[in-house]
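Notes follow once the structure below has been shown.
Numbering (the working numbering), first residue to last: 7 to 76.
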């Protein structure tokens, strides 16, 4: 599908790009768009999609900081 090709192109560009704030933000957006969620008593599907983007950005930022420290 078109979205799959777009995601593949973005993924390829991430491997060639320096991990800047913009790239980290785009990765979070991609994670949010790719996440399939349900709503239940613990949270709505929208909240869970949002959370997947936030957590992706946090993990990447932490990984960069750890790599810089080593």
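Backbone N, C-alpha and C define an ideal beta-carbon position, used for all residues, glycine too.
query	result
Range covered by the alpha helix (DSSP H) that runs through residue 62	51 to 75
Cβ shell of residue 59 (< 7 Å), same chain only, five flanking positions each side left out	34, 35, 37 and 38
Per-residue burial, residue 63 [other beta carbons within 10 Å of its own, 16 or more giving buried]	buried
Per-residue burial, residue 44 [other beta carbons within 10 Å of its own, 16 or more giving buried]	exposed
Beta bridge counterpart(s) of residue 46 as assigned by DSSP	49
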